[in-house]
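Report on one structure; see the data block that follows.
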Amino acid sequence: YKHDVGTYPSTEQGLAAHPDGVHAFVTDSGRSGVAVVDTHRGVVVERVRLPGWARHLTISRDGSRLWVGLGSASQHVAVVSTAPLRHVGTLTPGFLAHDVGLAPDGRLWVTSGSAGVLAFGDRRHSADRAPQHVTFGNGRVFVTSGDSGTLHAHARDGRILSRVSV
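Take the sequence shown: its position 166, counting from 1, is numbered 171 in my numbering, and each next residue is one higher.
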């Protein structure tokens, strides 16, 4: 995205569902924040502004915390408390972050928007070309690379179990 003073990038939305089954957290890069939607009533009930273009996000298992990527390639990841909704800090992964995902074991995975690297917990690993995206399933971690056109299946400890071109 290109950002000029007084203008906003096009709006991109990420989504995380609260475990209560009622609320959803939606990023809005155009407003640089996160909105809480009551999905039963179909209304926005709360918003928080963040110091960057809120894009990808993930939520803790208990729904108390969000981690929000702040752009396509940002130095920081915002940490947001959900009750009440407020920005409580930032993480600096040491590379330009793109996507975030909280693994079932509680470790935060952060992918890059500019380099072939990703991190989880306090560990860094090489990855295919940025940008990457991450998700979890069946005891595995799946990482895609848009520019490399690959999907890696990782063990929870980060070992690559398989790699396929897509």
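Just so you know, even glycine gets a beta-carbon here, dropped at the ideal spot from N, CA and C. Small disclaimer: the values here were computed from a predicted structure and weren't measured.
Presumed contact (8 Å Cβ cut-off) between S86 and L101, rounded CB distance: The pair is not a contact, with the Cβ atoms about 25 Å apart (cut-off 8 Å).
Residues that DSSP places opposite S117 in a beta bridge: A102
Where the beta strand (DSSP E) through D33 begins and ends: H28 to D33
CA-to-CA distance, V73 to S34, given in whole angstroms: 11 Å
Span separating the alpha-carbon of S69 from that of S117: 25 Å
CB contact flag (F30, L75, <8 Å): no
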